[in-house]
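Asker: Under the working numbering, the residue at position 46 of the sequence shown is numbered 46, and the numbers go up by one with no gaps. Glycine residues also receive a C-beta, built at the ideal position from the N, C-alpha and C atoms.
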Amino acid sequence: FAASNSQFTMVLCSLVLNFNTAALWAVTYTFTPEIFPTSLRTSAMGVCSAIARISGILTSFLGGVLLKEAQILSLMAYALSYAVVSLVAAVLLRELDMTGVPLCNLEG
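#1: Counting only the same chain and skipping the five closest in sequence on each side, list residues whose C-beta sits under 6 Å from that of G63.
#2: Using the C-alpha atoms, what's the distance from T38 back to L80?
#3: So L66 and A77 are in contact, right, with Cβ under 8 Å, and what is the actual spacing, rounded?
#4: Rounded to the nearest angstrom, what separates F61 and G100 at their Cα positions?
#5: Within the continuous alpha helix (DSSP H) that includes F61, where are the two ends?
#6: Quick check on DSSP: helix, strand or coil for F36?
#7: Find the nearest neighbour of N20 within the set F31, Y82, S43, L93, judged by alpha-carbon distance.
#8: S86 by DSSP, collapsed to three states: which one?
#9: In angstroms with no decimal places, state the Cα-to-Cα distance between V91 and V84.
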């Protein structure tokens, strides 16, 4: 992707990345509220949203700084951040299964 000289390949990879990112956010905003007790749900989602906005600002800045050095550094930073978040989520959420759990058992 980073080493591609073809405009078609760059556009295609960008579209695939954008589609996957949109799907990830849809899953995140559907699943995340369910892991918090009802009494904390809106506050927890507000904190999560604020952290996401701050991260977006920092990521854009970091990407620009790294892009000045080398294009591959910028792309590797993004790939590494996705990998770290994926691993942390997989470890922390592997035992979280709320299938069939009544809502009365989830309220705090």
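Answerer: Based on what the coordinates show:
#1: S74
#2: 33 Å
#3: 6 Å
#4: 43 Å
#5: 41 to 69
#6: Assignment of F36 by DSSP, reduced to helix, strand and coil, places it in the coil class.
#7: Y82
#8: helix
#9: 11 Å
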